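The sequence shown begins at 3 in my numbering and counts up by one.
Reading through the structure tokens given below for one structure.
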Amino acid sequence: MSMYFYTVKCMLLDMEDSKFCSSCGRSVEAGMQFCPQCGMVISGSAADVEFKERQEEFNKAVGMVRRNWLIFLLAIYAIPVIITTIVALVDASNIANSIWVSDEFQKWITDHGYNYTKSDIQGFITTAAGLGLASGICATVSLVLVYKRRHWVIAVATCFIAAFLCFWSFFGIIIGILVGWMLVVSRDIFEDESQEPAESEAQ
Ligand SMILES: [Zn+2]
């Protein structure tokens, strides 16, 4: 537990190798791993470096699990949405026709006094399917960026755009906002490009 508080403290203070104990302030000699007064790990010592390495490994493992979940959630949204919306766009006139000829639909427009035509129905289908397709494509862009661990900001933005383009679907907007929020808090699983200037960017 004290290790935990020590790490938090170091993160807060952003301390480098120290000649003083970060906990009690006692002066410590070079090569000391633990403070002789309070037992705290000395910042920059071998024990400290090892602890930080372990912690980094753990964080990486947690990050990979989160990344796999994000990929899974984006895929179960994007793939069916893209397929169904393409089918709906290709088949819009047939779908409009089958809606149009149904007694239920005719009764519904008569009851409400709407004056829709068959081409209005086709227009609604095309619009909804077009928005859905755009949403599915945005989710796919987000998925690819999560997979490549690149461009966190764009991954978050495309995910939220995907959610809002899907405003007509409760499922779509809920999963979109949920995944968008997961992405917002998952900055750590994305590689910071500034840290790897040598690696070439494959767009
Ligand atoms: Zn101390």
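The beta-carbon is built from N, C-alpha and C at its ideal position, and this holds for glycine as well.
Computed from a predicted structure; not experimentally measured.
With a CB to CB cut of under 8 Å and the five nearest residues on each side skipped, what residues in its chain are close to residue i?
{"i": "G178", "result": "Y79, S137, A141, C161, F162, A164, A165, F166 and C168"}
{"i": "I84", "result": "L135, G138, I139 and T142"}
Only counting the same chain, and skipping five residues up and downstream in sequence, which positions put a Cβ closer than 7 Å to that of residue i?
{"i": "I156", "result": "L147"}
{"i": "S29", "result": "K21 and F22"}
{"i": "W110", "result": "none"}
{"i": "V186", "result": "V158"}
{"i": "T112", "result": "none"}
Helix or strand or just coil, what does DSSP make of residue i?
{"i": "S29", "result": "strand"}
{"i": "V51", "result": "helix"}
{"i": "F36", "result": "strand"}
{"i": "V187", "result": "coil"}
{"i": "D113", "result": "helix"}
{"i": "F192", "result": "coil"}
Can you find the residues in the same chain that come closer than 6 Å, C-beta to C-beta, to residue i, ignoring five residues on each side of it along the sequence?
{"i": "L75", "result": "V181"}
{"i": "S25", "result": "C40 and M42"}
{"i": "I101", "result": "F107 and I123"}
{"i": "H153", "result": "L147"}
{"i": "A131", "result": "T87, A90 and L91"}
{"i": "L133", "result": "L167"}
Specify, as a first and last residue, the run of the alpha helix (DSSP H) that residue i falls within.
{"i": "F166", "result": "W154 to L167"}
{"i": "G132", "result": "K120 to K150"}
{"i": "F22", "result": "Unbroken run through F22: none, as it is neither H nor E."}
{"i": "I44", "result": "Run containing I44: none; DSSP gives neither H nor E here."}
{"i": "S171", "result": "That residue, S171, is in no alpha helix (DSSP H); it is neither H nor E in DSSP."}
{"i": "S104", "result": "Careful: S104 lies outside any alpha helix (DSSP H) and carries neither H nor E."}
Inset, instruction - Output the residues surrounding ligand 1, defined as those with a CB atom closer than 6 Å to any ligand heavy atom, in chain order. - result: By the rule of a C-beta closer than 6 Å to any heavy atom of ligand 1, the residues picked out are C23, S25, C26, R28, C37, Q39, C40 and M42.
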